[in-house]
Amino acid sequence: DIAHSIVASKVDIIDNIISEKLKPLDSTYDVEAMSKEIHRLHSDGKSDAEVLEIMKSKRESFLRKKNKDGGEW
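If you read the sequence shown in the numbering used here, its first letter stands for residue 96, the second for the next number, and so on.
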């Protein structure tokens with residue numbers, strides 16, 4: 096229905112904006128997992144403000160694991 100299409104469109108737009116802003120953080124954060132969580136929260140009916148607060152509190156859970164074998168030079 097129309098309401099579902101509007102919400103889906105809004106979520107896609109928000110996802111695109113977030114993805115573009117997070118590209119520099121891609122090596123530090125699992126941006127794909129963050130995007131999936133944002134979609135899930137929006138699907139659960141959370142407002143943008145609620146999503147922001149939830150994501151802030153979960154920030155560390157999206158950190159990429161550092162290589163223990165020495166990593167880069």
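Even glycine gets a Cβ: it sits at the ideal position worked out from N, Cα and C.
With distances taken between CA atoms, R135 lies nearest to D107 out of A98, I97, D107. Boundaries of the alpha helix (DSSP H) harbouring K151: 143 to 152, taken from the DSSP string. By the 16-neighbour rule on beta-carbons within 10 angstroms, V102 is exposed. Between the C-alpha atoms of S152 and V146 there is a straight-line separation of about 10 Å.
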